[in-house]
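Novice:
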Amino acid sequence: MSDYSPAPGRAPWQRTAAGAGLLAADGSIAPTIFAEMSALAARTGAINLGQGFPDEDGPAEVLEAARQAIADGVNQYPPGAGMPVLREAIAAHQRRWYGIEVDAASEVLVTAGATEALAATLLAFVDTGDEVVTFEPYYDAYAAIIARAGGVHRTVPLRWSREPLASEPGSSAVSGWRPDHGELRAAVTDRTRVILVNSPHNPTGAVLDAETLALVVELAERHDALIVTDEVYEHLVFGATHIPIATLPGARERTISISSGGKTFSTTGWKVGWLTAPAPLVTAVLAVKQYLTYVNGAPFQPAIATGLGLPDAFFTDAAAALAAKRDLLASGLEAAGFALSLPQAGYFVIADAAPLGYTDGAELCRALPGLAGVVGVPVTAFVHPDRHDGYRSLVRFAFCKRREVLEEASARLAGLSAR
Numbered sequence: 003m004s005d006y007s008p009a010p011g012r013a014p015w016q017r018t019a020a021g022a023g024l025l026a027a028d029g030s031i032a033p034t035i036f037a038e039m040s041a042l043a044a045r046t047g048a049i050n051l052g053q054g055f056p057d058e059d060g061p062a063e064v065l066e067a068a069r070q071a072i073a074d075g076v077n078q079y080p081p082g083a084g085m086p087v088l089r090e091a092i093a094a095h096q097r098r099w100y101g102i103e104v105d106a107a108s109e110v111l112v113t114a115g116a117t118e119a120l121a122a123t124l125l126a127f128v129d130t131g132d133e134v135v136t137f138e139p140y141y142d143a144y145a146a147i148i149a150r151a152g153g154v155h156r157t158v159p160l161r162w163s164r165e166p167l168a169s170e171p172g173s174s175a176v177s178g179w180r181p182d183h184g185e186l187r188a189a190v191t192d193r194t195r196v197i198l199v200n201s202p203h204n205p206t207g208a209v210l211d212a213e214t215l216a217l218v219v220e221l222a223e224r225h226d227a228l229i230v231t232d233e234v235y236e237h238l239v240f241g242a243t244h245i246p247i248a249t250l251p252g253a254r255e256r257t258i259s260i261s262s263g264g265k266t267f268s269t270t271g272w273k274v275g276w277l278t279a280p281a282p283l284v285t286a287v288l289a290v291k292q293y294l295t296y297v298n299g300a301p302f303q304p305a306i307a308t309g310l311g312l313p314d315a316f317f318t319d320a321a322a323a324l325a326a327k328r329d330l331l332a333s334g335l336e337a338a339g340f341a342l343s344l345p346q347a348g349y350f351v352i353a354d355a356a357p358l359g360y361t362d363g364a365e366l367c368r369a370l371p372g373l374a375g376v377v378g379v380p381v382t383a384f385v386h387p388d389r390h391d392g393y394r395s396l397v398r399f400a401f402c403k404r405r406e407v408l409e410e411a412s413a414r415l416a417g418l419s420a421r
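Residue 186 in the numbering used here sits at position 184 of the sequence shown, with consecutive numbering throughout.
1. Are the segment 138-145 and the segment 197-208 in contact at 8 Å, needing three or more beta carbon pairs?
2. Excluding the five sequence neighbours on either side, which residues of its own chain have a C-beta within less than 6 Å of the C-beta of P159, listed in chain order?
3. Among F267, H225 and I72, which residue has its Cα nearest to the Cα of V234?
4. Given a cut-off of 7 Å, decide if D5 and V154 are closer than it, judged by their beta-carbon atoms.
5. G275 lies in the beta strand (DSSP E); which residues open and close that run?
6. For V218, which option in G241, T191, R394 and E58 has the closest C-alpha, if you only look at C-alpha atoms?
7. Measuring only the C-alpha atoms, how far is L221 from A212?
8. Which residue spans inside the segment 66-108 form an unbroken alpha helix (DSSP H) run of at least 4?
9. Can you find the residues in the same chain that come closer than 6 Å, C-beta to C-beta, to A326, ignoring five residues on each side of it along the sequence?
10. Whole angstroms are fine: how far does the CA of Y393 sit from the CA of S343?
11. Between the Cα of M39 and those of D28, G54 and A27, spot the shortest distance and give me the residue it belongs to.
12. Using a Cβ-Cβ cut-off of 6 Å (strictly less than) and excluding sequence neighbours within five positions of P171, which residues of its own chain qualify?
13. Would you be able to state if there are at least three C-beta pairs under 8 Å between the segment 249-267 and the segment 224-234?
14. If you reduce the DSSP assignment to three classes, tell me which class G417 lands in.
15. Let me know the secondary structure DSSP gives Y393 once reduced to three states.
16. Could you spell out the range, first to last residue, of the beta strand (DSSP E) harbouring V502?
17. Please return the same chain residues whose Cβ sits closer than 6 Å to the Cβ of A114, not counting the five positions on each side in sequence.
18. Entirely within the segment 291-325 and at least 4 residues each: give me those alpha helix (DSSP H) ranges in chain order.
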């Protein structure tokens with residue numbers, strides 16, 4: 003496992019930057035890898051497969067609902083916990099897809115995207131010295147928020163098996179990322195305040211299996227820890243089955259489940275997220291959240307409610323369309339000579355550049371616009387510095403783009419194999 007706690011004596015903003023690996027020894031702040039790579043793409047004209055945002059609009063019904071809400075004057079502060087229409091839609095969504103009963107009035111909180119839900123939750127419950135356990139690689143905001151709260155970030159590595167996960171339905175051709183259960187047991191102790199579980203997982207695309215999720219619940223009960231889940235890719239799953247931890251025996255009373263509409267409905271710029279949890283936990287998070295953004299996205303809230311009520315076919319078709327894009331980019335990367343971890347969910351595919359002779363993914367990403375006119379992101383941006391060696395040659399590419407963009411990117415990348 004790997005532990006990280008910013009050195010004492012740093013200002014809160016420095017702790018935040020240090021947690022995300024952005025604080026240099028001289029105190030200067032580096033840009034995030036997403037900002038750096040996006041700027042590089044803009045400067046060079048390269049195809050940007052680094053940052054995970056779609057380049058197509060979401061469903062027409064959802065966009066029209068937002069326009070109608072603006073026209074109807076839904077442009078002022080909504081209620082602090084979120085508009086009733088969206089809270090009720092979220093409660094109905096949890097019942098419809100997972101059989102989870104939540105009270106829309108007291109057990110649902112609307113937030114400025116899933117990131118604010120995560121920030122408000124960790125700031126509400128994590129104090130100086132408290133440990134937060136995540137899997138690694140991890141979404142970079144986790145490390146920054148944990149550090150800002152004064153917590154200790156303890157990670158359990160996900161390791162890439164090149165062998166197919168033949169035992170999992172629909173995954174016979176999928177190689178997977180899995181944690182070692184012994185390492186997970188060792189990481190969770192009585193000092194653990196939160197176990198933060200991201201499944202479906204960014205950046206690896208792993209969907210954690212029932213055995214791993216049950217172990218998380220067992221450890222949380224044993225050590226009296228909260229479980230916080232990041233489930234923003236819940237509907238973008240390919241073949242595997244997403245199991246919300248809150249559905250498992252013993253989990254509901256200690257679990258805060260977080261999701262958003264941005265990924266599901268291709269509206270990442272709207273920043274409408276939410277969490278569901280027992281009322282006392284929601285109250286605690288709201289005590290912090292109301293002094294962050296206060297409220298957000300009034301006309302977008304009824305629009306996301308419309309999206310959550312779309313027929314099942316929308317959700318299955320969206321996942322199928324994204325899976326086809328995954329396969330398109332994967333074939334191009336394989337033709338270029340990369341070794342691949344084919345994701346079970348999400349927006350991203352991880353490619354190992356070592357077979358091409360590139361041992362440093364960060365160096366390759368900075369050179370890739372000149373070599374192939376494409377931008378990716380090194381996976382080392384999502385791991386602690388002491389664990390870079392295990393991930394150094396890996397690069398994350400986004401496939402949530404138009405087919406013609408992915409076809410062009412694949413054609414450009416093919417040139418790498420000839421070098």
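Idealized CB from N, CA, C, for every residue including glycine.
Specialist: The short version:
1. In this structure the segment 138-145 touches the segment 197-208; the number of beta carbon pairs closer than 8 Å is three or more.
2. Around P159: E138.
3. F267
4. yes
5. G275 to T278
6. T191
7. Distance between the alpha carbons of L221 and A212 is about 14 Å.
8. Qualifying alpha helix (DSSP H) stretches, in chain order: 86-100.
9. Excluding the 5 residues flanking it on each side, A326 has no same chain C-beta neighbour closer than 6 Å.
10. 13 Å
11. G54
12. Interpretation of P171 is limited by its pLDDT of 40, a score under 50 that renders its predicted location unreliable; no figure is taken from the coordinates.
13. yes
14. Secondary structure at G417: helix, using DSSP grouped into helix, strand and coil.
15. In the structure shown, Y393 falls within a helical segment according to DSSP collapsed to helix, strand and coil.
16. Summary: the structure shown does not reach residue 502, with the chain confined to residues 3 through 421, and so no result is reported for it.
17. K273, T295 and N298
18. 302-310
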